[in-house]
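In the working numbering, the protein residues as written are 4 to 60.
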């Protein structure tokens with residue numbers, strides 16, 4: 004299993020141990036075609052930020 008590299012953990016983001024637990028539950032990353040896709044970890048951390056802060060989408 005290849006995990007995306009983790010930048011310095013910011014408060015509230017998934018750490019490597021947490022990420023390894025949810026990684027197998029996600030669909031495979033799509034190949035890069037057309038618009039560049041965001042990696043799953045960035046998307047999940049964004050969703051968690053929205054839920055934690057209550058910020059509007």
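All C-beta atoms, glycine included, are put in the ideal place defined by N, C-alpha and C. These figures come from a predicted structure and were not determined experimentally.
Which first and last residues belong to the alpha helix (DSSP H) in which residue i is found?
i: residue 54; result: 43 to 56
i: residue 22; result: 19 to 25
Can you tell me whether residue i is buried or exposed? The criterion is at least 16 other CB atoms within 10 Å of its CB, across all chains shown.
i: residue 20; result: exposed
i: residue 55; result: exposed
i: residue 44; result: buried
Measuring CB to CB, does residue i end up less than 9 Å from residue j?
i: residue 53; j: residue 17; result: no
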